[in-house]
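Residue numbers (the numbering used here): 8 to 273. Following: one structure in structure tokens, then a few remarks.
What follows is the structure in structure tokens.
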């Protein structure tokens, strides 16, 4: 199994440009030199309830966000993979008189291999998030419009169980955020399995903790779960569909919604 071809991004992926994560998400595996993948998709998230400082859900004015973007990986060498995520967002909140449109931004960075033990790999990644337009977020769980940097440790392990190829991807990172917003710690877990050679099932968890309040934002945290299926149409093209939901948190919106994407490998 070529694990680098089936792993999932942070932000679609992980993306996770996924709503479950705001910066480019990647797997621990590196792309071979001269090869890569482009994943283009959309995410719609909706929030009408909010986890208060005690973790209890309370109603809030409706907040909606539509994201469209691409996640790109390209193998520069045996040691380095380029990652990028251009995107744009369209977001609204019921308390604002007009729709707020963010023209978008991009994440760009490098992933470097640290160790390879066959079935287990370790890598590190640094990604800069640069918005095209900078503004204060509508809500404190939306900071795509703020300059930030993400520094990440990634560990991946591939396995075979009951005749199925699979992998687990563990990631931890520290995110430096500008504009007097709290810095964040991230812990992300992806479990992938192929019940059939052309089907990949993904179960993912994304945890964010901002323990230090600032003048513009309280401390906050949340955990999001995401389930999706990737269907390989050919060796080059795949399609993905899934759902995600915020399952716990404090001072954070309870987001939920669908996602869809098209994968192209080259």
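Glycine included, every Cβ here is placed at the ideal spot set by N, Cα and C. Remember, predicted model here, so these are calculated numbers, not experimental data.
Identify every run of the beta strand (DSSP E) within the segment 167 to 218, keeping only runs that are complete inside it and at least 3 residues long; order them along the chain.
171 to 184, 191 to 203 and 206 to 217
May I have the straight-line CA-CA distance separating residue 272 from residue 73, to the nearest angstrom?
25 Å
State the beta-bridge partners of residue 67 as determined by DSSP.
Paired residues: none, contrary to the question.
List the whole-angstrom C-beta distance separating residue 43 from residue 82, where the pair is believed to meet the contact cut-off of C-beta under 8 Å.
6 Å
Could you tell me the alpha carbon to alpha carbon distance between residue 226 and residue 133, rounded to whole angstroms?
24 Å
Do you know how far the Cα of residue 154 is from the Cα of residue 274?
The structure shown does not extend to residue 274, since the chain spans only 8 to 273, so no value can be given for it.
Report all residues from its chain with a CB closer than 7 Å to the CB of residue 261; omit the five preceding and five following residues, and keep chain order.
54, 56, 57, 58, 64 and 253
Per DSSP, which residues does residue 258 bridge with? Please list them.
For residue 258, which the question treats as bridged, DSSP gives no partner whatsoever.
Quick one: using the 10 Å Cβ neighbour count with 16 as the cut-off for buried, is residue 256 buried or exposed?
buried
Taking Cβ positions, are residue 112 and residue 90 nearer each other than 8 Å?
no
For a quick check, are the C-beta atoms of residue 201 and residue 210 less than 8 Å apart?
no
List the endpoints of the continuous beta strand (DSSP E) containing residue 234.
227 to 239
Measuring alpha carbon to alpha carbon, tell me which residue in 212, 268, 270 and 263 is nearest residue 69.
263
Cβ neighbour criterion (16 or more within 10 Å) applied to residue 234:
exposed
Whole-angstrom C-beta distance between residue 126 and residue 166, which should lie under 8 Å:
7 Å
Rounding to the nearest angstrom, what Cα-Cα distance links residue 122 and residue 162 in this structure?
10 Å
Tell me the DSSP bridge mates of residue 153?
Paired residue(s): none; residue 153 is not in a bridge.
Beta-carbon proximity list for residue 216, same chain, < 6 Å, skipping 5 on both sides:
192 and 228
Three-state secondary structure assigned by DSSP to residue 61:
coil
Is residue 199 near the ligand HEM - that is, is its Cβ less than 7 Å away from at least one heavy atom of it?
Looking for the ligand HEM in the displayed structure turns up nothing, as the structure carries no ligands at all.
Would you decide whether residue 85 is buried or exposed? Buried here means 16 or more other CB atoms lie within 10 Å of its CB.
exposed
For residue 114, the three-state DSSP class (helix, strand or coil):
strand
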